[in-house]
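Chains as they are written, first to last, in our numbering: chain A, 1 to 326; chain B, 1 to 326.
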């Protein structure tokens, strides 16, 4: 996130968020503290916290700054919910590795992963309570509900196209975009936005959240184990159908792609061949174009807000989503 | 809970809570709705909701009644958190059966159980947000944190006595009493109590919560498959050390009890022999005496409140805890 410093410097606040997410652990359970710290120290770009901090400042150009404590509470809560959903997501997927390191359930077992997630949800609820606005708590609760729904709503097949796309966007809308939506929405609420401004912030968050996940899904085809922390084609291996695969089939890719997508447990050769075919037919480029479209639509929405460093920061953040390589 | 009707009739409100917990499910995920409804329909005595509804009325004798909507929001949230913690607890314990019916993860798999729990936590947070009091949300968040801590804090051995008792009360204090505490505390907050009254309500909830769990642990020795929905000695079988076992060892029970408590996977014969020995030496009676002591201490605390049907109801509720047979 250092690129953001060029237009607006929120690094001090982000450090405060980092400290807050690590210092909130005051549990009497050694295991809970250790596993939570491990989880929250394992990197992450604090994209969601940045979104909150910038959205909160959108209306304060030249005027009163929003309350720092409330902004930090929400940004911290967002990062905790994000971490909680990752640890439960890894448990559902039985993933061994995240960002190149062993997952919590791989290291400490499923029960610790289960409780660490619940614990972080509860800590996040406490943080939000301190923000003292029922709209914010409602926003987060709906966000978590949508994450849960998405977790249980797979993309069932690559065809028919309309159905596959509907399922895909419903899935990533919950899995990823819902929390970006909350981050932007709750930031704008703290920043004193009216109903329309809050709605626009939410849509901005939603669209860059979708783009963020599309890029993630593209990187699973174009990246390698070094940058991804897991081998390319991991999603296909796990039976997860993403946008590049859906587009590849629609663009007339070889049967191998459909075969890999429909297989119960595709072997590594089948996956490697399907990954190569998805790349060959440039389905990842088409997916990238869709992500670009979403980012531009999101930036367009910001026109209702006065020009400010925070607005420039949000534009930068949106463009960063497209540039990320891991 | 029908016995309560003699002193104060909260059956209409409890029916509203029942409806609310079943009607809040408006998820687009068929699985989430089905599993949540299954979970919340599977009985339960709504003890925690009753505690909230009665505590909320403790100060309203002859005066203004607390807001019905806010009381119901909190009572509903409490029951949702209770259900969420049960479904995650069953997942941690890999329990096949609860109240004589297959558990959610047994019926739909671990991933559904994981998400149903998260979903219910989120719905509960939303309910609480509607109650619009940060103290209440804080109370619930601390409650969930303590449930998580307790889930990962086993009683490691039956000796030394002091250590075993400390571990046992820490465990059940989180596992069960924390939510009773929240229920009473948040009811009192809605009822307009001052800081001291809120504290007393919390302690009342804590003590009857401890007693509730002790009785539960006694029933695991004195009940049978018909009343428990699981065979007697189930806790020992699962490696869970409870108060009757700790007392039995301290009262000089045969080595068989200690052996069963320390075994990694005790066989059914060993468990049956240990259960018989715990009964023979009357360790369950001693545990019952401890539960009685806690209930009487809890009732004693109510003396700071004016006499009222709600107070009589809480006394009844506390005594019911000692009388329950399943």
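Yeah, the Cβ is synthetic: ideal placement off N, Cα and C, and Gly gets one too.
Computed from a prediction, not measured in an experiment: that's the story for all the values here.
Just so you know, the alpha carbons of residue 237(B) and residue 92(B) end up roughly 15 Å apart. The beta carbon of residue 38(A) sits no closer than 8 Å to any beta carbon of chain B. In this structure, the alpha-carbon of residue 30(B) lies about 42 Å from that of residue 10(A). For residue 219(A), the uninterrupted alpha helix (DSSP H) segment begins and ends at 195 to 222. No Cβ-Cβ contact shorter than 8 Å links residue 85(A) with residue 172(A).
Contact annotation: residue 57(A) and residue 192(A) have beta-carbon atoms that are not nearer than 8 Å. Ranked by Cα distance from residue 45(A), the first of 17(A), 32(A) and 60(A) is 17(A).
Using a CB distance below 7 Å, the part of the region 98 to 122 of chain B facing chain A consists of 111, 112, 114, 115, 118, 119, 121 and 122, ordered along the chain. Ranked by how close their Cα comes to the Cα of residue 310(A), the residues 20(A), 65(A) and 38(A) have 65(A) in first place.
Note on geometry: alpha-carbon atoms of residue 255(A) and residue 221(A) lie some 17 Å from one another. It is roughly 21 Å from the alpha-carbon of residue 160(B) to the alpha-carbon of residue 291(B). The beta carbon of residue 187(B) sits closer than 6 Å to those of 52, 55 and 56, all from its chain and outside the five residues before and after it, given in chain order. The residue among 285(B), 183(B), 231(B) and 27(B) with its C-alpha nearest the C-alpha of residue 268(B) is 231(B). In the displayed model, residue 102(B) falls within a strand according to three-state DSSP. Counting other Cβ atoms within 10 Å of its Cβ, residue 124(A) reaches 16 or more and is therefore classed as buried. For residue 139(A), the uninterrupted alpha helix (DSSP H) run begins and ends at 134 to 151, by DSSP.
Chain order gives the chain A residues near residue 28(B) as 149, where near means a beta carbon separation below 7 Å. Here residue 226(A) is exposed, its C-beta having fewer than 16 other C-beta atoms within 10 Å. Counting other Cβ atoms within 10 Å of its Cβ, residue 99(A) stays below 16 and is therefore classed as exposed. Per DSSP, the unbroken alpha helix (DSSP H) holding residue 187(A) starts and ends at 178 to 190.
By the beta-carbon neighbour count (other beta carbons within 10 angstroms, threshold 16), residue 178(B) is buried. Chain B places no beta carbon closer than 8 Å to that of residue 318(A), leaving this residue out of the contacts. Between the region 199 to 206 of chain A and the region 275 to 292 of chain A, the count of C-beta pairs closer than 8 Å stays below three; the two stretches do not touch. Interface flag for residue 88(B) against chain A is set, since a Cβ pair is found closer than 8 Å.
In this structure the region 136 to 147 of chain A does not touch the region 108 to 118 of chain A; the number of beta carbon pairs closer than 8 Å is below three.
Less than 8 Å divides the Cβ of residue 176(A) from the Cβ of residue 212(A). Per DSSP, residue 65(A) lies in no alpha helix (DSSP H) segment and is marked neither H nor E. Minimum Cα-Cα distance from residue 135(B) among the listed residues 135(A), 70(A), 127(A) and 34(A) corresponds to 127(A). If you draw a straight line from the Cα of residue 138(A) to the Cα of residue 49(B), it comes to about 22 Å. Out of 285(B), 318(B) and 168(B), the CA that lies nearest to the CA of residue 157(B) is found in 168(B).
Comparing alpha-carbon positions, the option among 162(A), 249(A), 206(A) and 163(A) lying closest to residue 181(A) turns out to be 206(A). For a cut-off of 8 Å, the C-beta gap from residue 247(B) to residue 287(B) is around 6 Å, short enough to register as a contact. Taking a beta-carbon distance threshold of 8 Å, residue 144(A) counts as an interface residue toward chain B. For residue 131(A) against residue 73(A), the beta-carbon gap comes to about 5 Å, under 8 Å, which counts as contact.
Annotation: the continuous alpha helix (DSSP H) that includes residue 31(B) extends over 30 to 41. By the C-beta density criterion, residue 197(B) is buried, having at least 16 other C-beta atoms within 10 angstroms.
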